[in-house]
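In numbering that gives the first Met the number 0, the protein residues as written are 0 to 249.
Quick notes on the structure that follows.
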Amino acid sequence: MALAVVILLLIVVVGWAATPYLLDGFGNMLADPSAASQGAWLSDNPAFVGNSSKIDYPSDYGALANFTLGVINQERAAASLNPVVLSSVPSGQQHADSMVYYGYFSHWDNQGYKPYMRYTLLGGTGSVSENAALNYCTKSPPDSARPIAARCSLQTIEKAINGSEWMMMNNDSACCNNGHRANILDPLHDRVSVGIAYNSTTIFLVEDFENSYIGSESLRLSAGVVTLQGSMLEEGRGWMRSITGSEIAV
């Protein structure tokens, strides 16, 4: 394994687990403030104002997100699972931006929001389970058995992402009771919101896995009754059928 340190976090709905590194008094893991300062590519504060956030993407986000998706789906294919696709909900990137901007590492952000809150505020309508990893850019000189620090580039970031995924799949039992692995290999997941943020030395990776099977076509409120009409993907069959549901407003 060519990476010196990988710090992982897992949350499924409202549960979490973490490795015993860099914990604050609340059990949240913190990045090294000297290494996790604001990413130079961030132009705006990513904090939520109401139900919106100014989300920035690094210039190489497309390549890095597709690389991450490929690693995830390679593991899923090896387990005979359907692939996930990239989500249009930007909750993963918003949280990665927030962590690199403010210099912390936790599922709970500095505004007190949990993953399902961020996901819902940004338009998510399914359920969400979050993996998060903090890693460092490194290189392996030919004359040394130990990796050394390197500036973050497309190549070193992909290396760090690959290392984080390997740790989540193969070295997760002591940290998180294999929760990251179970999240990657959950057969019900169909989408993933990938967040990647970095500065010169540090990479924050967020994977918001979704179970997104309902598409809303109309939402109406009349006489205290909310009526939803839309479509639902019936698991395992791959076809859509019309549904209508109602709920008394409270």
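Virtual Cβ for every residue (Gly too), placed ideally from N, Cα, C.
Since the model is a prediction, treat every value here as computed from it, not as a measurement.
Short CB-CB distance (under 8 Å) between residue i and chain C
| i | result |
| --- | --- |
| Leu85 | Among the chains of the structure shown, chain C does not appear; only one protein chain is present. |
Top-ranked residue by Cα proximity to residue i, from the options
| i | options | result |
| --- | --- | --- |
| Glu129 | Asn81, Tyr56 and Ile183 | Ile183 |
| Tyr135 | Tyr212, Gln154, Phe104 and Ile202 | Ile202 |
| Leu80 | Ala222, Arg190 and Leu220 | Arg190 |
| Ser152 | Asp43, Val48, Thr137 and Asp142 | Thr137 |
| Asn65 | Cys174, Ile213, Val84 and Phe47 | Val84 |
Residue i in three-state terms, based on DSSP
| i | result |
| --- | --- |
| Tyr103 | coil |
| Arg150 | coil |
| Thr200 | coil |
| Gly178 | helix |
| Asp207 | strand |
| Ala76 | helix |
| Ser97 | helix |
| Leu68 | helix |
| Leu63 | helix |
| Tyr135 | strand |
| Thr124 | coil |
| Ile54 | coil |
Euclidean distance between Cα positions of residue i and residue j
| i | j | result |
| --- | --- | --- |
| Ser51 | Ile160 | 28 Å |
| Gly178 | Glu206 | 13 Å |
| Tyr100 | Gln92 | 12 Å |
| Ser97 | Ser192 | 15 Å |
| Arg251 | Ile156 | Here the chain covers residues 0 to 249 and nothing more, so residue 251 does not appear. |
| Tyr118 | His94 | 10 Å |
| Ala30 | Val224 | Reliability of the predicted coordinates at Ala30 is poor, the pLDDT of 43 falling under 50, and no value is obtained from them. |
| Pro141 | Gly49 | 51 Å |
| Val127 | Phe208 | 6 Å |
| Ala77 | Ser221 | 49 Å |
| Asn27 | Ser87 | For Asn27, the predicted structure reports a pLDDT of 40, less than 50, and the residue's modelled location is therefore unreliable. A value from the coordinates is still provided. Between Asn27 and Ser87, the C-alpha separation is close to 28 Å. |
| Gln110 | Ala62 | 30 Å |
| Asp108 | Pro45 | 11 Å |
| Ala144 | Arg180 | 28 Å |
| Asn176 | Lys158 | 25 Å |
| Ser172 | Ser199 | 30 Å |
Sequence-distant residues of its chain with Cβ nearer than 8 Å to residue i (five each side left out)
| i | result |
| --- | --- |
| Trp40 | Asp55, Pro57 and Ser58 |
| Glu74 | Glu164, Met168, Ile183 and Leu184 |
| Gln72 | Per the sequence shown, the amino acid found at residue 72 is Asn instead of Gln. Excluding residues within five positions, the ones whose Cβ falls inside 8 Å are Pro82 and Val83. |
8 Å Cβ cutoff met for residue i and residue j
| i | j | result |
| --- | --- | --- |
| Met168 | Ala132 | no |
| Tyr197 | Gly38 | yes |
| Tyr212 | Gly123 | no |
| Asn210 | Leu187 | yes |
| Phe252 | Tyr112 | Outside the displayed span of the chain (0 to 249) sits residue 252, for which this structure offers no information. |
| Tyr103 | Ile195 | no |
Spatial neighbours of residue i in its chain, beta-carbon cut-off 7 Å, leaving aside the 5 residues before and after
| i | result |
| --- | --- |
| Pro89 | Ile54, Leu121 and Ser192 |
| Ile147 | Thr137, Lys138 and Pro140 |
| Asp43 | Lys53 and Asp55 |
Any non-hydrogen atom of the ligand GTP within 7 Å of residue i CB
| i | result |
| --- | --- |
| Phe66 | Judged by which ligands are present, the structure shown has none, so any question about the ligand GTP falls away. |
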